[in-house]
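*Asks:* In the numbering used here, the protein residues as written are 7 to 209.
Below are the structure tokens for one structure; questions will follow.
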């Protein structure tokens, strides 16, 4: 029985990874005849979509990427899996977005997909994370820095608002993934060459 359950869990994680792998931004840009990987930062997320297309396209990308995280964690909840497994389903959706099987294991930064996963996994913490992102973005105009601040504080947010050992493990893992995927952005922020939100680039 345990073997069957382990197989089921493995299949669920694989499905979550595939859901996360769907390159929402790339598909939206491609429908407009644009290869997002050749525009601006080359990233497939909402910030680069806004640079390449429009705010409306960026919002669609944001919602699509967030939905991937929502669906993955909702699947785990639907099968009455435990908290840690729910978080793992969310993590695998984020990993799928970051290392998409459809893009030769390249992908985005995972911010929107992480928010989507958190909306189901820990709704109040997700709301606080969104607020922190918006506040930092309004103050600094840097999307990358906003993500680093909001998710850097994620373990503290979990500790203060929705603590359990399992949720803390997932929070630390999500924060680590965000920082790993933003290493290049951190370097540009230090050098003062990072693009601001809405800044048009054709590099």
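Note that beta-carbon positions come from the ideal geometry of N, C-alpha and C, so glycine has one too.
In chain order, which continuous runs of the alpha helix (DSSP H) of length 4 or greater are located wholly inside the stretch 51 to 94?
*Replies:* Every alpha helix (DSSP H) stretch that sits fully inside the stretch 51 to 94 and reaches 4 residues is listed by chain position as 52 to 58 and 61 to 84.
*Asks:* Taking a contact to mean a Cβ-Cβ separation below 9 Å, would you say residue 122 touches residue 73 in this structure?
*Replies:* Numbered from its first residue, the chain shown carries residue 122 at position 116. Numbered from its first residue, the chain shown carries residue 73 at position 67. Their beta carbons are under 9 Å apart, which means residue 122 touches residue 73 by this criterion.
*Asks:* Residue 24 to residue 30, Cα distance in whole Å?
*Replies:* Counting from one through the chain shown, the residue named residue 24 turns up at place 18. Counting from one through the chain shown, the residue named residue 30 turns up at place 24. C-alpha separation (whole angstroms): 12 Å.
*Asks:* Which of the three DSSP states is assigned to residue 37 in this structure?
*Replies:* Locating residue 37 in the chain shown gives position 31, counting from the first residue. In the structure shown, residue 37 sits in coil (DSSP, three-state: anything other than H, G, I, E or B).
*Asks:* Please report how far the alpha carbon of residue 128 lies from the alpha carbon of residue 142, in whole angstroms.
*Replies:* Stepping through the chain shown from its first residue, residue 128 is reached at position 122. Stepping through the chain shown from its first residue, residue 142 is reached at position 136. Rounded to the nearest angstrom, the two C-alpha atoms are 21 Å apart.
*Asks:* Flag this pair as yes or no: are the beta carbons of residue 227 and residue 104 separated by less than 9 Å?
*Replies:* Shown here, the chain extends from 7 to 209; a query on residue 227 therefore has no answer.
*Asks:* Is there contact here, the stretch 53 to 68 with the stretch 82 to 90, by at least three beta-carbon pairs under 8 Å?
*Replies:* Flag = no, the stretch 53 to 68 and the stretch 82 to 90 do not touch.
*Asks:* DSSP state of residue 112, grouped into three classes?
*Replies:* What you label residue 112 is simply residue 106 of the chain shown in a count that begins at 1. Residue state, collapsed to three classes: strand.
*Asks:* Please confirm whether residue 164 and residue 117 have their CB atoms less than 9 Å apart.
*Replies:* In the chain shown, counting from the first residue as 1, residue 164 sits at position 158. In the chain shown, counting from the first residue as 1, residue 117 sits at position 111. No; because the gap between Cβ atoms is not below 9 Å, this pair is not in contact.
*Asks:* May I ask you to list the residues that DSSP assigns as paired with residue 149?
*Replies:* Here residue 149 refers to the residue found at position 143 of the chain shown. Looking at the DSSP output, residue 149 shares a beta bridge with no other residue.
*Asks:* Which of the three DSSP states, helix, strand or coil, is assigned to residue 163?
*Replies:* Here residue 163 refers to the residue found at position 157 of the chain shown. Helix, per DSSP.
*Asks:* Starting from the Cα of residue 177, find the closest Cα among 50, 36 and 100 and give me that residue.
*Replies:* Walking along the chain shown from the start, residue 177 turns up at place 171. Nearest option by C-alpha distance: 100.
*Asks:* Between residue 35 and residue 55, is the Cβ-Cβ spacing less than 9 Å?
*Replies:* On the chain shown, position 29 is the one that residue 35 refers to. On the chain shown, position 49 is the one that residue 55 refers to. In this structure, residue 55 lies closer than 9 Å to residue 35 by Cβ.
*Asks:* With DSSP collapsed to three states, give me the class of residue 208.
*Replies:* Taking the first residue of the chain shown as 1, we reach residue 208 at position 202. For residue 208, the pLDDT reaches just 42, beneath the cut-off of 50, and the residue's location in the model is therefore unreliable, although a value from the coordinates is still provided. Residue state, collapsed to three classes: coil.
*Asks:* Compare the beta carbon distance of residue 113 and residue 106 with 9 Å and say whether it is the shorter of the two.
*Replies:* Position 107 of the chain shown, counted from the start, is the residue given in the question as residue 113. Position 100 of the chain shown, counted from the start, is the residue given in the question as residue 106. Their beta carbons are under 9 Å apart, which means residue 113 touches residue 106 by this criterion.
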